[in-house]
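Under my numbering, the first residue of the sequence shown carries the number 843, and numbering increases by one thereafter. We treat Cβ as the ideally placed atom computed from N, Cα and C, and that holds for glycine. None of these values were measured; they are calculated from a predicted model. Encoded as structure tokens, the structure appears first; notes follow it.
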Amino acid sequence: MTFHYKPKGVCSREMILDVEDGIIRGVTIQGGCPGNLQGISRLVEGMEVENAVSKLQGIRCGRKSTSCPDQLAKALKEHCMESPRKGIL
């Protein structure tokens with residue numbers, strides 16, 4: 843299932859997630875720091891949503907209260923709340 847998320851408080855503009863049966867199949871992040879976000883996207887592919895959220899949530903970018911990895915965790919959590927299989931997290 844593909845899910846679009848508009849991050850808040852960071853440089854990236856949109857996160858497009860493909861999650862199937864609680865497993866992250868693909869992540870595309872538009873805007874932000876291309877190399878870092880491409881690396882993060884590749885690292886989480888094939889990972890269980892729960893595991894990715896636990897590793898990424900709470901990461902800050904400088905003085906900001908959030909970061910692109912933290913926003914990715916928020917996107918994954920929001921996706922789980924909207925998916926037909928609620929309660930994965």
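Please report the straight-line C-alpha distance between residue i and residue j, rounded to a whole angstrom.
{"i": "Val861", "j": "Ser907", "result": "26 Å"}
{"i": "Ser854", "j": "Lys848", "result": "8 Å"}
{"i": "Glu856", "j": "Ile871", "result": "6 Å"}
{"i": "Arg884", "j": "Gly868", "result": "8 Å"}
{"i": "Ile865", "j": "His846", "result": "16 Å"}
{"i": "Ala894", "j": "Arg905", "result": "23 Å"}
{"i": "Pro876", "j": "Ser896", "result": "23 Å"}
{"i": "Val886", "j": "Gln899", "result": "13 Å"}
Return the chain-ordered list of same chain residues with a C-beta closer than 8 Å to the C-beta of residue i, the five sequence neighbours on each side being excluded.
{"i": "Lys850", "result": "Thr908 and Gln913"}
{"i": "Gly873", "result": "Cys853, Ser854, Arg855 and Glu856"}
{"i": "Asn878", "result": "Cys910"}
Beta carbon of residue i: closer than 7 Å to some heavy atom of the ligand SAM?
{"i": "Ser854", "result": "This structure does not include the ligand SAM; it has no bound ligands of any sort."}
For residue i, which residues in the same chain have their Cβ closer than 7 Å to its Cβ, ignoring the five residues on either side in sequence?
{"i": "Ile901", "result": "Ser909, Pro911 and Asp912"}
{"i": "His921", "result": "Phe845, Leu859 and Val861"}
On the premise that residue j lies in contact with residue i, defined as a C-beta separation below 8 Å, what is that separation, rounded to the nearest angstrom?
{"i": "Ala917", "j": "Leu859", "result": "6 Å"}
Segments of 4+ residues assigned as alpha helix (DSSP H) that fall wholly inside the region 850-893: 876-886
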